[in-house]
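In this text, residue positions in the sequence shown follow our numbering: the first is 140, and each later residue adds one. Ideal placement from N, C-alpha and C gives every residue a C-beta, glycine not left out.
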Amino acid sequence: MKKAVLILSAFGLVAAAWSSVASPLPGESTSVPGVKPLGFIPETAIPESITTGAIPRNPAIAPVNSDLKAGLDALSDKDPRLALSIRDNMPDGTLDRHILTWAIAVSGLKGVPSYEIASAAQELKSWPGLSRLRAYSERALYDENPAPSAVLAAFGDTAPETMQGAVILGRALVATGKQAQAAKYIRKVWRGEALDKATEDKILIEFSALLTPADHKARMDYLMYRGRVAQAKRFGDMGQAQSLYKAWAAVDAKAGNAGALLDAVDTRWRSDAGLLFARIEYLRKQDKYAEAAALLEQMPPERSELVNSGEWWNEQRIVSRGLVDQGQFKPAYRIVANYAATSPTDIVEAEFHAGWYALRGLQDPTAAEKHFRKILQTSNGPISVSRAWYWLGRAAEAGGPGKSSEFYAKAATFPGTFYGQLAAERLGRKTLNVTYPAPSAADRQRFQAREAVKAIARLEAAGHGWRADTLYLALADQLQSPGELAVLAAQAEQSGDHHLSLQIGKIAYGRGIDVAALAFPVGVIPANANISGSGKALAYAIARQESAFNPAAVSAANARGLLQLLPGTAQAVAKRHNIAYSKDKLTADAGYNATLGAHYLGEQIEAFGGSYILTFIAYNAGPKRVPEWIGRYGDPRGRSIDDIVDWIERIPFPETRNYVQRVMENYEVYKARLGQPTDIERDLIGGRSAS
Numbered sequence: 140m141k142k143a144v145l146i147l148s149a150f151g152l153v154a155a156a157w158s159s160v161a162s163p164l165p166g167e168s169t170s171v172p173g174v175k176p177l178g179f180i181p182e183t184a185i186p187e188s189i190t191t192g193a194i195p196r197n198p199a200i201a202p203v204n205s206d207l208k209a210g211l212d213a214l215s216d217k218d219p220r221l222a223l224s225i226r227d228n229m230p231d232g233t234l235d236r237h238i239l240t241w242a243i244a245v246s247g248l249k250g251v252p253s254y255e256i257a258s259a260a261q262e263l264k265s266w267p268g269l270s271r272l273r274a275y276s277e278r279a280l281y282d283e284n285p286a287p288s289a290v291l292a293a294f295g296d297t298a299p300e301t302m303q304g305a306v307i308l309g310r311a312l313v314a315t316g317k318q319a320q321a322a323k324y325i326r327k328v329w330r331g332e333a334l335d336k337a338t339e340d341k342i343l344i345e346f347s348a349l350l351t352p353a354d355h356k357a358r359m360d361y362l363m364y365r366g367r368v369a370q371a372k373r374f375g376d377m378g379q380a381q382s383l384y385k386a387w388a389a390v391d392a393k394a395g396n397a398g399a400l401l402d403a404v405d406t407r408w409r410s411d412a413g414l415l416f417a418r419i420e421y422l423r424k425q426d427k428y429a430e431a432a433a434l435l436e437q438m439p440p441e442r443s444e445l446v447n448s449g450e451w452w453n454e455q456r457i458v459s460r461g462l463v464d465q466g467q468f469k470p471a472y473r474i475v476a477n478y479a480a481t482s483p484t485d486i487v488e489a490e491f492h493a494g495w496y497a498l499r500g501l502q503d504p505t506a507a508e509k510h511f512r513k514i515l516q517t518s519n520g521p522i523s524v525s526r527a528w529y530w531l532g533r534a535a536e537a538g539g540p541g542k543s544s545e546f547y548a549k550a551a552t553f554p555g556t557f558y559g560q561l562a563a564e565r566l567g568r569k570t571l572n573v574t575y576p577a578p579s580a581a582d583r584q585r586f587q588a589r590e591a592v593k594a595i596a597r598l599e600a601a602g603h604g605w606r607a608d609t610l611y612l613a614l615a616d617q618l619q620s621p622g623e624l625a626v627l628a629a630q631a632e633q634s635g636d637h638h639l640s641l642q643i644g645k646i647a648y649g650r651g652i653d654v655a656a657l658a659f660p661v662g663v664i665p666a667n668a669n670i671s672g673s674g675k676a677l678a679y680a681i682a683r684q685e686s687a688f689n690p691a692a693v694s695a696a697n698a699r700g701l702l703q704l705l706p707g708t709a710q711a712v713a714k715r716h717n718i719a720y721s722k723d724k725l726t727a728d729a730g731y732n733a734t735l736g737a738h739y740l741g742e743q744i745e746a747f748g749g750s751y752i753l754t755f756i757a758y759n760a761g762p763k764r765v766p767e768w769i770g771r772y773g774d775p776r777g778r779s780i781d782d783i784v785d786w787i788e789r790i791p792f793p794e795t796r797n798y799v800q801r802v803m804e805n806y807e808v809y810k811a812r813l814g815q816p817t818d819i820e821r822d823l824i825g826g827r828s829a830s
């Protein structure tokens with residue numbers, strides 16, 4: 140035990156460093172390095188032959204030590220004790236020992252000691268992606284349930300980061316008479332973690348004395364905001380908020396008596412934020428946007444009172460868009476300008492809505508400019524940044540501050556984005572620069588010297604290449620050099636994993652690094668695929684968004700393969716084109732899937748008069764949405780580019796709106812990658828008929 144306590148103390152020391160790791164913006168993470176963003180060049184078409192496969196691989200790897208393979212095999216057999224025994228017999232400081240130490244620590248297997256995980260974090264400091272070891276170590280400590288003194292030594296002055304960590308630390312604090320401190324950690328979990336019922340039961344049994352009716356009411360709120368209505372019921376009882384629970388649950392279920400139940404809520408809850416939210420939701424579901432907007436004006440100013448600021452922002456967004464559909468831009472603007480959003484992703488959306496409403500609805504470019512500027516202060520991801528610069532350009536064109544040409548030029552430095560491409564068109568630029576990064580000799584030397592890179596090669600040689608995926612992605616999030624990232628993506632692609640290669644490119648490009656070509660790789664569609672129905676660029680554009688180039692992908696809705704075809708759809712397409720149908724080949728044969736998918740895309744484009752926008756909507760949200768939204772917003776086909784951009788932004792489903800923009804930007808980049816002319820304005824206005 141003495142040894143365990145000492146190493147657990149080491150865990151406590153490294154925990155402080157882990158706790159300082161910031162949470163990145165989803166999809167657009169980490170700070171922008173000092174690398175000039177990729178721009179547009181006058182006349183450069185990039186032939187398909189320039190791919191990551193053109194970059195030479197690293198030198199040959201030495202034969203794999205049998206002990207390394209045996210240790211990795213033991214982990215695959217869920218035998219961490221054997222893996223540890225093999226590792227302990229390896230010489231200290233060797234690469235193979237480090238690899239097995241890492242694999243054991245990140246395995247997540249029960250039976251891996253917490254001190255083993257903590258010491259791995261110390262030993263492998265130069266390795267990427269170790270922040271998650273903190274969570275693994277806390278869970279292992281929970282399973283071990285050591286003496287309170289050992290637990291307290293392990294955490295030191297750091298706070299727990301997981302539910303298991305909070306419970307084991309809370310237990311130790313109670314055992315040492317520190318109930319108030321224990322309550323702080325348990326209440327944080329109780330009020331803010333999505334626990335299953337079994338875990339809730341365990342916490343209630345062990346810590347009920349630390350939890351008050353107010354804590355149970357807060358848990359009810361937490362669950363109700365997330366739609367976990369049945370799970371929340373008992374906490375409505377324990378929190379003495381039965382009437383509020385019943386009314387809120389009725390609103391969620393669209394019950395006929397929801398209005399009466401809202402009116403019957405106990406007086407003690409009349410000023411509760413949860414009741415206000417339920418009333419807003421009740422009115423919004425009846426399309427009573429003006430009445431819902433009036434209640435949104437009563438939203439508590441303290442964001443902590445809202446419990447779930449993201450759900451409040453979601454209601455604000457929906458209600459404001461409902462008002463805009465009715466031509467009521469002023470109240471819509473007031474709602475979104477006073478947004479509840481607190482996460483970077485939501486703040487970006489809220490500021491965009493406010494700026495867009497101000498510019499296009501209120502004709503107030505000065506007010507709009509302030510909101511678009513705030514996007515730049517919140518995010519450094521290419522999608523958000525290019526969007527902000529483009530709309531700053533539009534605001535300047537309308538009389539707002541600054542020079543539109545300068546703003547468009549800044550947006551155009553992000554050619555892999557919808558708004559970056561539109562900005563370039565605004566400046567008269569027609570060719571996208573998606574040139575592959577050229578690794579220098581120094582890049583290669585630095586890359587090959589990294590121990591994590593050497594580990595990838597050893598893992599692949601040992602038949603455990605799948606374990607290396609974690610290292611690939613962690614390196615993509617760490618490396619700063621475009622050349623090193625190009626070599627990393629090359630390794631992934633040459634191992635046959637186009638999905639992994641794309642992930643590497645997306646992560647790196649999302650960080651603002653000049654590697655757009657890596658985020659749009661080619662090669663996943665076999666040369667023998669018959670994709671004349673849609674064209675290769677469009678097939679790539681859809682596949683990148685639908686499956687992220689995973690030929691074996693199967694969605695929750697049973698959509699399958701590269702272009703995510705439903706079996707019924709694929710069978711019907713196969714019949715119409717005299718192709719033998721095979722459900723298994725949808726996920727086993729990328730060329731077969733691409734062939735059927737391209738035929739289906741071609742049919743959809745023809746059905747919608749050549750419109751790419753309407754085709755993408757149908758592919759994502761279903762064909763029935765097309766006439767519905769045309770009826771609501773008019774037909775986008777043949778309109779001016781500004782009207783079309785507004786039309787796309789009016790799409791009510793965030794997922795579909797994002798999908799249309801992402802596939803459109805994909806299409807333009809893949810046309811450039813395949814040596815075809817690009818013209819996003821022409822494609823948006825005229826679709827295939829203009830191509």
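Asked: Does the segment 621 to 638 come close enough to the segment 569 to 584 that 3 or more CB-CB pairs lie under 8 angstroms?; Found: yes
Asked: For R365, which of helix, strand or coil comes out of DSSP?; Found: coil
Asked: Please report the distance separating the alpha-carbon of F346 from that of G736.; Found: 55 angstroms
Asked: If you draw a straight line from the C-alpha of K385 to the C-alpha of L401, how long is it?; Found: 8 angstroms
Asked: What's the gap between the Cα of R499 and the Cα of F688?; Found: 37 angstroms
Asked: Are at least three pairs of beta-carbons, each pair with one atom in the segment 538 to 550 and one in the segment 597 to 608, less than 8 angstroms apart?; Found: no
Asked: Who are V404's beta bridge partners in DSSP?; Found: None; V404 has no bridge partner.
Asked: Which one or two residues does DSSP pair with R526 in a beta bridge?; Found: In DSSP, R526 forms no bridge with anything.
Asked: In its own chain, which residues sit with a C-beta less than 6 angstroms from the C-beta of D405, not counting the 5 before and 5 after it?; Found: S382
Asked: Is DSSP giving R764 helix, strand or coil here?; Found: helix
Asked: Return the residue from the list A733, Q633, Y428 that minimises the CA-CA distance to A691.; Found: A733
Asked: Distance, Cα to Cα, F557 vs E804?; Found: 5 angstroms
Asked: From what residue to what residue does the alpha helix (DSSP H) around H642 run?; Found: First, the amino acid is wrong: residue 642 is Gln here, not His. That run of the alpha helix (DSSP H) goes 637 to 649.
Asked: Given this structure, state the Cα-to-Cα distance separating G309 from L435, to the nearest angstrom.; Found: 39 angstroms
Asked: Give the DSSP-derived three-state secondary structure of L704 in the structure shown.; Found: strand
Asked: Which same chain residues, not among the five before or five after R278, have their C-beta less than 7 angstroms away from its C-beta?; Found: T301, Q303
Asked: Between the alpha carbons of D296 and I756, how many angstroms are there, rounded?; Found: 52 angstroms
Asked: I think V290 touches A305, with their Cβ atoms under 8 angstroms apart; what is that distance to the nearest whole Å?; Found: Incorrect: roughly 11 angstroms between the Cβ atoms, too far for contact.
Asked: Find out if the Cβ-Cβ distance for the pair F553, A527 is shorter than 7 angstroms.; Found: no
Asked: Please state whether DSSP places V693 in a helix, a strand or coil.; Found: strand
Asked: Going by Cα to Cα distance, which pick from A479, N717, A417 is closest to P439?; Found: A479
Asked: My understanding is that F659 touches Y809, with C-beta atoms under 8 angstroms, so please give their C-beta distance in whole angstroms.; Found: 6 angstroms
Asked: Measure the alpha-carbon distance for N453 versus R460 and round it to whole angstroms.; Found: 11 angstroms
Asked: Just to confirm my understanding: we take A489, look at its own chain, exclude 5 residues before and 5 after, and list those with CB closer than 7 angstroms. What are they?; Found: W452, V475, Y478, A480
Asked: Use the C-beta contact count for E441: other C-beta atoms within 10 angstroms, 16 or more gives buried, fewer gives exposed.; Found: exposed
Asked: In angstroms with no decimal places, state the Cα-to-Cα distance between A711 and K393.; Found: 37 angstroms
Asked: Taking C-beta to C-beta, are R823 and I783 nearer than 7 angstroms?; Found: Correcting the residue type first, residue 823 is Leu in the shown sequence and not Arg. Yes, Cβ-Cβ distance for L823 and I783 is below 7 angstroms.
Asked: At what residues does the alpha helix (DSSP H) containing W266 begin and finish?; Found: Per DSSP, W266 belongs to no alpha helix (DSSP H) and is neither H nor E.
Asked: Three Cβ pairs or more, each shorter than 8 angstroms: is that satisfied between the segment 640 to 658 and the segment 692 to 711?; Found: no
Asked: Who are R699's beta bridge partners in DSSP?; Found: V693, L704
Asked: Measuring alpha carbon to alpha carbon, tell me which of I514, E339, A591 ends up nearest R530.; Found: Note that residue 530 is Trp in the sequence shown, not Arg. If we check each option's Cα against that of W530, I514 comes out closest.
Asked: Is it the case that the Cβ atoms of A389 and A397 are separated by a distance below 7 angstroms?; Found: yes
Asked: Could you say which of E444, V654, A429 lies nearest to L414 if we only look at CA atoms?; Found: E444
Asked: Tell me whether D582 is buried or exposed, calling it buried when 16 or more other Cβ atoms sit within 10 Å of its Cβ.; Found: buried
Asked: Please report the distance separating the alpha-carbon of G825 from that of W387.; Found: 47 angstroms
Asked: Go through the segment 207 to 240 residue by residue and report every complete run of the alpha helix (DSSP H) that reaches 4 residues or more, in order.; Found: 219 to 227
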